[in-house]
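The block underneath contains the structure these notes are about, expressed in structure tokens.
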Amino acid sequence: MQVSNLNEVKIYSLSAGRSLPEWLSDRKKRALQKKDVDIRRRIELIQDFEMPTISTKIKVSRDGQYIMAVGTYKPRVRCFDTYQLSQKFERCLDSEVVTFEILSDDYSKIVFLQCGRFVEFHSQHGHYYKTRIPKFGRDFSYHYPSCDLYFVGASSEVYRLNLEQGRFLNSLQTEASESNVCDINPVHFLFAMGTAEGKVECWDPRTRNRVGLLDCALSSVTADTEIEGLPSISALKFDGALNMAVGTSTGQVLLYDLRSSNPLTVKDHHYGLPIKSVQFQHQLDLIISADSRIIKMWNKDTGKIFTSMEPEHDINDVCLYPNSGMLMTANEAPKMNIYYIPVLGPAPKWCSFLDNLTEELEENPESTVYDDYKFVTRKDLENLGLAHLIGSSLLRAYMHGFFMDIRLYHKAKMMANPFAYEEYRREKIRQKIEETRAQRVQLKKLPKVNKELALKLIEEEGEEQQLRKKRKQKNLPSLLKDDRFKVMFENPDFQVDEQSEEFRLLNPLVSKISEKRKRKLKILEELEAQGEEEEEEPEGKASDAESSESSDDEKGWVEEVRKQRKLLRQEEKLKRQERLKEDQQTLLKPQFFEIKEGEEFRSFKDSAKKQKLMKKTLEDRLKLEEKLGTLNVSDTTVGSKQATFKLKKSEQQRKQQEAEKQHRQERKALRRSASHLKSRHGRGRLFH
């Protein structure tokens, strides 16, 4: 069971969790329930409350005992008995059901409108009769006083079938080209139908004349809404004698008073999807409207959102169980959803245990989904060494960071800093000891952290307190006892480093200011002791004296800062000299490198050249190879480029080629000398 909370309204999803396959034996089901905690904790309110593939419509009988649903595949109807919390029967049909209506208080009389223009009647035992209407039907309503069925669909006519006489009556001729939905008022039995042109036509069944026409398409367009195309009517529902809710194909819901042609309220779902269902909840004056994506509950007087639900799968139909807080949906999934909202009303009497269960859950609230996750920023991931997980399923992006599993976070933190827990434990023990020490009789002593700063504050506060006593003023609270600055004298992380460069450059100014403050206090004490009255001349003299003193202080402060800077430069120079000495003392160990087979070592410069070459862009490398002659780029006749590369040869191949070339040259020289000798020998013999 899943619990969601929106606008402080708790919604319990009773069909959440995995369902066990039907073909499993009871023994295997019990074994799975023992092993799997999720299966053991799930709530199966009605056994096998599902369809083979999808469910299209769901309704409750007037006595509240039976829940009927239609779906595919194969087309079928299933009836569930709430008293037995199980399925009562299942009947397969010839074609898919567009909609159906339960005419009796129980399941004994049912009418199905099928997509093949068939109207099928079922009684308690099963199939009773089947007839056909002239055009494809989309919706129908039952008029109880006259026993007439009104069918609307892909036609301008409204077909009437009288169940008492067993024959079709004269149809109603409308101005619409097609009609999508219809409904009959339960008080005065006014028949209303929603057309494809975005209008609602109201007819009186007694006179068979049209008594009213509402242009809902024009009224649904407001300043805030954006629509594409002409809105048609996709849902229609009466409430009492005067109210009527209309849903459009562009995602607007309009609430009308039948005495006015203007809507009282226009509510936009902001999804642009057709409204599938509109229901009224009378206890809290709510309207429950649903499209294929979301179910919204809103106040019918103000239009303010009460709560909303977004199921995992698309919605086909919504059914509100009468006089309760239970809501059922038919979805584009095998499982039909059941929701329980305690604010809307109590649980039905056949599942009254839900009230006790929800009360126990509210008394012992479970941890939310995010309690098992840790929010981390990108910097935290880099510190933990998990930056490479960004974009994977282990991290879920949220605002300026990511959600990750708390177990993974703890493991990564332990690997990054294995002694973090020990340090945290020691710090907690130290804090506990300090808390117990605080309960003892304490002597006036300086804190362990920032002792010099604390001593300075104590001295200044003592002087100020003495001065305030003389002036008869109230004492100010001490900084050492102030909770805002308490940690500065307890946590070692706040210790002032007096050897740091910032402190040494800032300290002369702070010390001069404190000395100046002390001198002012002394002057004020002397003036009060003498009891002199304030006059213009002494004031002028005092100001001159103060200006001369301040100029002297500034000169002294500048000199002190220069002195500190000089000392810092000398210290840095000494540190550099010490580092150089350490580097000279350390012996450089020789490093050995392994050369791959088939390669010859020439120098370290070649490897450096290769690295520099690899860092260059492709364009620079191609230009360099063109200069060396290993690359030849030429234009072809078609207009494209043709590149010819010469492979680089290793040193061994180059030497071998040079040896072969030298050998060929030597052989050529031998052949030439031999031919020369032959020619000379032949001429000698001729002369003899």
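For the sequence shown, the working numbering begins at 905 and goes up steadily by one.
Note that the Cβ used here is the ideal one computed from N, Cα and C, for glycine as well.
Where does Ala1058 fall in DSSP's three states? DSSP places Ala1058 in coil when its eight states are reduced to three.
Out of curiosity, what's the CA-to-CA distance linking Leu1293 and Tyr1277? Answer to the nearest angstrom: the Cα atoms are 15 angstroms apart.
Per-residue burial, Ala1080 [other beta carbons within 10 Å of its own, 16 or more giving buried]: That one is buried.
Would you identify the three-state DSSP class for Leu949, choosing helix, strand or coil? Three-state DSSP puts Leu949 in coil, outside helix and strand.
Starting from Leu1168, follow the alpha helix (DSSP H) in both directions and report where the run begins and ends. Here Leu1168 belongs to no alpha helix (DSSP H), and DSSP marks it neither H nor E.
Length-filtered (3 minimum) beta strand (DSSP E) runs lying within the region 1183-1245: Counting whole runs of 3 or more residues, the region 1183-1245 contains the beta strand (DSSP E) stretches 1190-1195, 1199-1203, 1209-1213, 1219-1224, 1230-1235, 1241-1244.
Segment limits, beta strand (DSSP E) that includes Arg1311: No beta strand (DSSP E) contains Arg1311, which is instead part of the alpha helix (DSSP H) from 1310-1320.
Val1157 beta carbon less than 7 angstroms from that of Ser894: Not covered by the structure: residue 894. The range shown for the chain is 905 to 1592.
Is DSSP giving Glu1082 helix, strand or coil here? Residue state for Glu1082 is assigned as coil, using DSSP reduced to three classes.
Could you compute how far the alpha carbon of Arg1576 sits from the alpha carbon of Arg1568? Approximately 12 angstroms, taken between the alpha carbons.
Answer yes if the region 1222-1230 comes into contact with the region 1177-1189, meaning at least three C-beta pairs across the two stretches below 8 angstroms, and no otherwise. Touching, yes, given that three or more Cβ pairs across the two stretches are closer than 8 angstroms.
Alpha carbons only, please: which of Lys1385, Pro1351, Glu1475 is nearest the one belonging to Ser1404? In terms of Cα proximity to Ser1404, the closest of Lys1385, Pro1351, Glu1475 is Glu1475.
When you compare only the Cα positions, how much space is there between Ile1209 and Leu1285? Going by the C-alpha atoms only, they are around 39 angstroms apart.
So does the region 1100-1108 actually touch the region 1133-1152, counting three or more Cβ pairs closer than 8 angstroms? A contact exists between the region 1100-1108 and the region 1133-1152.
Inspect the beta-carbon positions of Ser1083 and Val1056 and report whether they are closer than 7 angstroms. Note that the C-beta distance between Ser1083 and Val1056 is below 7 angstroms.
Is DSSP giving Leu1299 helix, strand or coil here? Correct three-state label for Leu1299: strand.
Sequence-distant residues of the same chain with beta carbon closer than 6 angstroms to Ser1153, five excluded per side: The residues Pro1135, Ser1136, Ser1138, Pro1178, in chain order, have a CB closer than 6 angstroms to that of Ser1153 in the same chain once the five nearest residues on each side in sequence are set aside.
Any idea which residues DSSP pairs Phe993 with across the strands? Its beta-bridge partners are Cys983.
Could you name the residues of the same chain whose beta carbon sits closer than 7 angstroms to that of Leu910, not counting the 5 residues immediately before and after it, in chain order? Excluding positions up to five away in sequence, the list reads Thr1211, Ser1212.
Should Glu1438 be labelled buried (16 or more other beta-carbon atoms within 10 Å of its own) or exposed? Reliability fails at Glu1438, whose pLDDT of 45 lies under 50, so the model's placement of it is uncertain and the value that follows must be treated cautiously. It counts as exposed.
For the candidate residues Leu1248, Val964, Glu994, Thr976, whose alpha-carbon lies nearest to that of Thr986? Nearest C-alpha to Thr986 among Leu1248, Val964, Glu994, Thr976: Val964.
Does the distance from the CB of Lys978 to the CB of Cys996 come in under 7 angstroms? Yes, the pair counts as a contact, with Cβ atoms nearer than the cut-off.
Coil, strand or helix - Phe1004 by DSSP: In the structure shown, Phe1004 sits in a strand (DSSP, three-state: E or B).
Let me know the secondary structure DSSP gives Cys1120 once reduced to three states. Of the three classes helix, strand and coil, the one that applies to Cys1120 here is helix, per DSSP.
Determine the direct distance from the alpha carbon of Gln1560 to that of Leu1581, and round the result to whole angstroms. Rounded to the nearest whole angstrom, the C-alpha separation of Leu1581 and Gln1560 is 32 angstroms.
Beta-carbon spacing of Ile1006, Phe984 below 7 angstroms: Not a contact, by the Cβ cut-off of 7 angstroms.
Using a Cβ-Cβ cut-off of 7 angstroms (strictly less than) and excluding sequence neighbours within five positions of Asp1205, which residues of its own chain qualify? Result list for Asp1205: Asp1189, in chain order.
Please name the residue, chosen from Pro1226, Ile958, Phe1393, that lies closest to Gln1335 on a Cα-to-Cα basis. Nearest of Pro1226, Ile958, Phe1393 to Gln1335, Cα basis: Phe1393.
Can you tell me which of the three DSSP states Ser1153 falls into? If DSSP states are grouped into helix, strand and coil, Ser1153 belongs with coil.
Do the region 1046-1053 and the region 1067-1078 make contact, defined as three or more Cβ pairs closer than 8 angstroms? A contact exists between the region 1046-1053 and the region 1067-1078.
CB Asp1143 to CB Phe1093, shorter than 7 angstroms? No. Outside cutoff.
Among all the DSSP beta bridges, which residues are the ones paired with Thr976? Ile958.
Below 8 angstroms on the Cβ atoms is my guess for Val1085 versus Cys1120; work out the distance and round it to an integer in Å. The beta-carbon distance between Val1085 and Cys1120, rounded to whole angstroms, is 12 angstroms. This is too long to meet the 8 angstroms contact definition.
Ile915 and Tyr1243 - do their beta-carbons sit closer together than 7 angstroms? Yes. Within cutoff.
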